[in-house]
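Residue numbers (the working numbering): 3 to 703. As structure tokens, the structure follows; a few thoughts come after it.
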């Protein structure tokens, strides 16, 4: 396992060097397995080796373990009943090359046997390898031996998620969804033996479901039996903040209907929420519309869920409600989260960040439960994306969060990581995470995030020019709820435009952008308008830097500052450098690539080449990624001759003309000629603009 590679390498090195070894670890952590591997290694190299198991039943019997050992060496088996003779016989038999004695459960070895074995180890007759759970329980001779400077110690503790991934995929023969892996690892407290056992039980009982190429662990549901309908409603209401599973919704709505008719406000809230987010939108919004006699709690809760369904908020009213100490923490943090999302989209993400960090430092936060924290953390993620600084800049503000206590939903967490990665241009990683979340949502989607995540995946596939996958994920996005993602829905809509351009063409992408920009203008949300304008520029739907710069006026954040400065050609390297420092490698490369095109069009070929080189160096950090503004071109076998393809594929992989000439037995001049003719056919001017064939295998390690 990855986390144990170094310590195990040290153990095997010590074994072969003849050093004593102590393997420390509790039951289930791999202590006995490592001892068995050390024994196998000894046998492979022809070393004389014996494995002895400490027995608690023999601990009180003097020399019992020494006698057991002696009976297993044919030449000295007759001395087993005489400890002194046994010691002498061992010394005579193994004086030239030590006997390796591997002892598991060494704490149970009787003290007299331990003393003799330690003496024999001290004079080079035996090489001791002890495996022990609790060193404090070792016989005194072994304990002193353990502390000797020449004894190599290997401690085996709980495994981490990387270890668990390697272990489970080897055991099950298929990739395991990251959320399932984390849940299972926590369930067994990091004990590898228990993890293997849990995986076997899950496979045997059908609790692993294969979805989108991943095994997803279906957690055991609590059997509600034949409880009364009112109790079932209460149970659902208690967990409403964490989402209502799709399969429960129809039954729950039927149970809620008579309660709503009887004037139950909580039942009306829950039914309205379900309908507005994932059911009959109009009916849901009517249920959430305040009526005479409704409490302030109902009004605040209903307004929050209408906001999640897309209705604009009154920030002042929401702030007032969020300060109401009679409201639940869940409602107060939910209202605060809505205010933060509104501030971010209104162009004030820095204000939203400070509001969120202040909430994290409040007394209320110290006592908040997992479900109550989700909305605030989701809005904090949005504010961080909108503000645009590198995620490590604010790391110290969240370092004290007890994530285990909060128990944040794995699907939401992985979705937020995919969102952050696509923002950086790391499309392959974002696409992988998107598929993992979608595998989870196929089992159940209580938060209604499938559509939002599908948009992220579609955008990533478009960046990788994978039209088939982009089409599949775009269809999933379109078929999902138009409110999937809730507060992050505008981000889903923006990201989907790139996939629309690839799948449906320029006219469809322009129409979508125009509709989204018009709505952002009506809603008075300039940050959304800026991001859409920047997206239009990135996708080649508008030219020049003027429109993105104008859209960024009066907007806070790093990206807005960069866009405002773009029209000044002399600043483009500084702008790209700042974006790269913020982790937005793709945006930095796009700015440089476009600046290179402009300089070349103006006749400044030297500067154009310098900018293109910088853009290519950044783009090389994003494997397979291409966008209209990067203007990279894949080697197209339909346009080139066979020899031009051979040369271009190698050039795209990074080989120099000299190396290409050597591989293909050509002159450098011939290679250069093939490249220039290929550049003309492909519409590029430099090898750094080439991307390899989609199915090309690496030419080099």
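Every residue gets a Cβ at the ideal spot worked out from N, C-alpha and C, and that includes glycine.
Here's the rule I'm using: 16 or more other beta-carbon atoms within 10 Å means buried, otherwise exposed. How should residue i be labelled?
| i | result |
| --- | --- |
| residue 47 | exposed |
| residue 150 | exposed |
| residue 260 | exposed |
| residue 344 | buried |
| residue 322 | exposed |
| residue 562 | buried |
| residue 205 | exposed |
| residue 42 | exposed |
| residue 56 | buried |
| residue 676 | buried |
| residue 401 | exposed |
State the DSSP-derived secondary structure class of residue i, mapped to helix, strand or coil.
| i | result |
| --- | --- |
| residue 23 | strand |
| residue 242 | Note that residue 242 scores a pLDDT of 45, beneath 50, so its modelled location is shaky and nothing firm can be said. |
| residue 455 | helix |
| residue 157 | strand |
| residue 2 | For residue 2 there is no data in the structure shown, the boundaries of the chain being 3 and 703. |
| residue 218 | strand |
| residue 228 | Residue confidence is low: residue 228 scores 40 on pLDDT, short of 50, so the model does not pin down where it sits. Its coordinate-derived value is still stated next. Three-state result, residue 228: coil. |
| residue 633 | coil |
| residue 37 | helix |
| residue 51 | strand |
| residue 686 | coil |
| residue 212 | strand |
| residue 4 | helix |
| residue 1 | Within the shown structure, residues of the chain are numbered from 3 to 703, placing residue 1 beyond reach of any answer. |
| residue 134 | strand |
| residue 651 | helix |
| residue 534 | helix |
| residue 176 | coil |
| residue 692 | strand |
| residue 141 | coil |
| residue 128 | strand |
| residue 150 | coil |
| residue 336 | helix |
| residue 659 | helix |
| residue 18 | helix |
| residue 721 | Nothing can be reported for residue 721, as the shown portion of the chain is limited to 3 through 703. |
Measure the C-alpha to C-alpha separation of residue i and residue j and round it to an integer number of angstroms.
| i | j | result |
| --- | --- | --- |
| residue 61 | residue 330 | 60 Å |
| residue 589 | residue 537 | 10 Å |
| residue 103 | residue 176 | 38 Å |
| residue 643 | residue 680 | 9 Å |
| residue 333 | residue 364 | 16 Å |
| residue 512 | residue 532 | 16 Å |
| residue 393 | residue 25 | 40 Å |
| residue 431 | residue 628 | 15 Å |
| residue 286 | residue 304 | 10 Å |
| residue 613 | residue 535 | 24 Å |
| residue 464 | residue 178 | 25 Å |
| residue 86 | residue 32 | 35 Å |
| residue 434 | residue 451 | 16 Å |
| residue 525 | residue 579 | 34 Å |
| residue 356 | residue 218 | 37 Å |
| residue 316 | residue 472 | 37 Å |
| residue 684 | residue 618 | 17 Å |
| residue 367 | residue 213 | 36 Å |
| residue 412 | residue 661 | 48 Å |
| residue 302 | residue 294 | 14 Å |
| residue 668 | residue 652 | 13 Å |
The ligand GDP heavy atoms versus the CB of residue i: any closer than 7 Å?
| i | result |
| --- | --- |
| residue 389 | Ligands displayed in this structure: none; no statement on the ligand GDP is therefore possible. |
| Enumerated in chain order, which unbroken segments of the alpha helix (DSSP H) with a length of 4 residues or greater are wholly contained in the region 83-124? | 85-95, 113-124
| query | Contact between the region 66-78 and the region 190-210: three or more CB pairs below 8 Å? | reply | no
| query | Touch check for the region 136-146 and the region 109-127: three-plus C-beta pairs under 8 Å? | reply | yes
| task | Indicate whether the contact test is met: 3 or more Cβ pairs, each with one atom in the region 296-312 and one in the region 267-284, closer than 8 Å. | result | yes
| Taking the runs of the alpha helix (DSSP H) that are 4 residues or longer, which of them lie wholly in the region 568-596? | 574-583
| Is the number of C-beta pairs between the region 649-656 and the region 444-461 that are closer than 8 Å three or more? | no
| Does the pairing of the region 326-343 with the region 539-553 give three or more beta-carbon distances under 8 Å? | no
| Between the region 426-443 and the region 577-595, do at least 3 Cβ pairs fall closer than 8 Å? | yes
| task | Counting only runs of 4+ residues fully inside the region 450-507, write out the alpha helix (DSSP H) ranges in chain order. | result | 452-465, 469-481, 491-506
| query | Considering only residues of the region 262-295, which uninterrupted alpha helix (DSSP H) runs meet the minimum length of 4 residues and lie entirely inside it, listed in chain order? | reply | 267-280, 283-289
| task | Please specify which runs of the alpha helix (DSSP H), each continuous and at least 4 residues long, are wholly inside the region 362-417, giving them in chain order. | result | 365-368, 372-389, 397-400, 405-408
| request: Would you check if there are 3 or more beta carbon pairs closer than 8 Å linking the region 549-559 to the region 600-609? | output: no
| field | the region 161-177 contacting the region 8-25, beta-carbon criterion three pairs below 8 Å | value | no
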